Structure formats: structure tokens, C-alpha cells
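**Q**
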Amino acid sequence: MGVVRSAAEVDANDKQTPAVDPANVVQALVYTLLGVFDATRDLFQTLKAKEQRDYESSLRSKGYPASRRVEYVEDENLGRDEDLVMDKAAVTRQFEIGFQKIGALFAVGDTSTSLVRYQEPTQPRSGSPVNTTIIETWRGRPKPERTDTDTTSMTGPTSYGMRTAPHELYCLYAIDLQRHRDQQLSDTITSESKPYCPHCKQDLHLSPGKAWEVVKRGDGYERCFQVSNRFVVKCHRGGADGQYSCVLCSRHADVDTVCGDVKALIKHIWEDHGVGELKHEEDITEVVELAPDRRRDSGLGHATSRGSRRSASLGPNSWGRRSRRGYDRDDGYL
1 MGVVRSAAEV
11 DANDKQTPAV
21 DPANVVQALV
31 YTLLGVFDAT
41 RDLFQTLKAK
51 EQRDYESSLR
61 SKGYPASRRV
71 EYVEDENLGR
81 DEDLVMDKAA
91 VTRQFEIGFQ
101 KIGALFAVGD
111 TSTSLVRYQE
121 PTQPRSGSPV
131 NTTIIETWRG
141 RPKPERTDTD
151 TTSMTGPTSY
161 GMRTAPHELY
171 CLYAIDLQRH
181 RDQQLSDTIT
191 SESKPYCPHC
201 KQDLHLSPGK
211 AWEVVKRGDG
221 YERCFQVSNR
231 FVVKCHRGGA
241 DGQYSCVLCS
251 RHADVDTVCG
261 DVKALIKHIW
271 EDHGVGELKH
281 EEDITEVVEL
291 APDRRRDSGL
301 GHATSRGSRR
311 SASLGPNSWG
321 RRSRRGYDRD
331 DGYL
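Dropping the structure here:
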């Protein structure tokens, strides 16, 4: 049996997998897992830095003055690299506990690990078991194949025939828009005087080319976001009730929120969603400069919806999941 080292003896700054006796199966697996944690943290930091650069470049290209500081708000739901450090420390600690109690036999393993054969990689890894070229793969995943079952004037792929679509919350056309970010809105929405969904035929109460403005106050200054018609369309449920489910809640919250009409949806977004969530939504755009004459209590050019109804959440204690602010004009505008 070779010389056995505990995980604490491994230099924390050395991300290369140390030499391990092939007989010490558990130790080899633990060292490999620790290397995966290091590589994942490197990948997380690389993607985070790239996103910050892309965000700043996007603002500058829209005319954001160079003299004004760019504030990047992290999305807490995406996690932090400190979480990976804590997980790595927990794995290391568990290995140390077992090694101290059992000794060298713990590094070897029992009968359940006797079938595992550790083999050194034939090609040297560049720093860790995870290849950082996964960035491009993650950014450019192939889109699902088109599964049209209905002929419409829509541009882009459709999934009307998919049996597994979560159409309890959303119209199938709304699901298409959620899944295919480059899909444009149908002509029935952009060209008709009364826009309607090409699938469920629901009247969407929108004005083509217009957007809603939501103003959030953070760090002592106002941040203005424009909610596009595409976002509203991909939230609609279909059917006679004309309700809307919040896409942001479906992605980030434990419960789903259903709103009675467009105004209730926009009011819900303003009250219950933070700057980080709005910034990461592709169909919500931050406005560089907020002109005083554009602050108003209604949408920019939207048709009046039929009697704004309050939004309702589906699930226990749904309204307690966030600290809701009062409807105060000093904090935001609809």
C-alpha cells in the first residue's frame, strides 16, 4: 500500500490532482472531486466577469456616458463562488473525519469500492478536470428542432403539438417565445389594430411598438426598465379569462403568480421583482437616461385593459416570499 495523505495535506493553491496510489480508491475520488470544485469555481468567475463586460458594453453602445459609473447588480438566485468553496471544504472535512477514525483503510475503501479502478488520465489536464471551453458550448446550445403542427403567420419555431408543454400556466405560443429567444412576434400581434395570439386567439390588449416603463430605486438613484410587448405576450395564458402568468416567478420563485390583466402583471413586476431579475430578462431593457417628462402612471401608448384586477399567487404563503413595498410614487412608476 502506498503512502496515504489526508486531504488537509494537499496544498490549497495547487489545483492539479496529486499523485495517488491506484489502490486508494476513495482518496483518488475525493481528490478528483476537489479538483472539480476548483475548476467549477474558475468557470463561474470567468462567466461572471464576461457577463459584467457584456453588460457594460451593452450600456455604452446605447449611449451610456463614460463619465457615469456602471452599476452591475448580481442576481442572488444564481449563487456565489463562495458556495463552491464551502462545499469543497465540507467534502474535505468529511474525508478527514473518516481518515482520522478508520485510518489508511478509509482511503482504500470497502467492498463497495473494490470494483472501482482509478486510472491516471492518458493526457495531462490543463489545471482541472473541467475544460473551460464549455463556456462556448453553454452560450451556444443547439435549439430544439421545429415541431410545427399548425400553419400560422408566425416567424420562428412552434411547439403547438408538444404534449409535455406546461400549458396549465401558459399558452403554447407563449411557451414558444420563452424557449426560442430569437423568435419574433407574429403578424397578428405586430400588424393588427387589435393584437391577438395566433394560437389561442386571445385579445392581448397591446399597442404594437409600445412598451411599459418600470422605475426602481436603488443605491440612491432611479433605474428605469422598459417591459416590451414580447415579454407580456410570453406571459399570457390563453382562454377566455385573458390572464397572465409571471415568467420571472416561474424562473426564480417557489410559486407561480397569475395576474388578471396586463396592468396587474406590470404592477406585480414593479412591486415583487428586484433589479437583478429585471436586468437578466432578455425582453426587459434598462433605459440609459430617464427623461422627467416620460415618467407616467400608465404604460407608454398601451391600450387600456378591461378593469385592472389584482394579481393572485398560486401556492402557500406566496405573498410572503418577498418583502413587498407599498405602492409609493417615490419608489417606482408604472
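According to UniProt numbering, the sequence shown holds residues 1 to 334 in order.
Backbone N, C-alpha and C fix where the C-beta goes; we use that ideal spot for every residue, glycine too.
No experiment lies behind these values; they were computed from the predicted model shown.
According to DSSP, is aspartate 193 part of a helix, a strand, or is it coil?
**A** For the sequence presented, residue 193 should be read as serine rather than aspartate. Correct three-state label for serine 193: coil.
**Q** Give me whichever residues DSSP pairs with tryptophan 212 in a beta bridge.
**A** Val227
**Q** Using a Cβ-Cβ cut-off of 7 angstroms (strictly less than) and excluding sequence neighbours within five positions of cysteine 235, which residues of its own chain qualify?
**A** Ala174, Tyr244, Ser245, Cys246, Val247 and Leu265
**Q** Which residue marks the beginning of the beta strand (DSSP E) containing valine 287, and which one marks its end?
**A** 284–287
**Q** On a CA-only basis, which of Thr257, Arg53 and Glu192 is nearest glutamate 271? Give me that one, please.
**A** Thr257
**Q** Let's test the definition: count the other Cβ atoms within 10 Å of the Cβ of glycine 63 and tell me whether it reaches 16, buried, or not, exposed.
**A** exposed
**Q** Since valine 258 is in the beta strand (DSSP E), which residue starts that stretch and which ends it?
**A** Note, valine 258: beta strand (DSSP E), 256–259.
**Q** The alpha helix (DSSP H) that contains histidine 252, what's its start and end?
**A** 247–252
**Q** Could you give the residue range of the alpha helix (DSSP H) that holds histidine 236?
**A** Taken as a continuous stretch (DSSP letters only), histidine 236 belongs to no alpha helix (DSSP H), as it is neither H nor E.
**Q** If we ignore side chains and look at the alpha-carbon of each, how far apart do arginine 217 and cysteine 224 end up?
**A** 9 angstroms
**Q** Bridge partners of arginine 217, per DSSP?
**A** DSSP, once it has assigned bridges, lists Glu222 as partnering arginine 217.
**Q** So, for alanine 89: in the same chain, excluding its five sequence neighbours on each side, which residues have a beta-carbon less than 8 angstroms away from its beta-carbon?
**A** none
**Q** Aspartate 83 by DSSP, collapsed to three states: which one?
**A** helix
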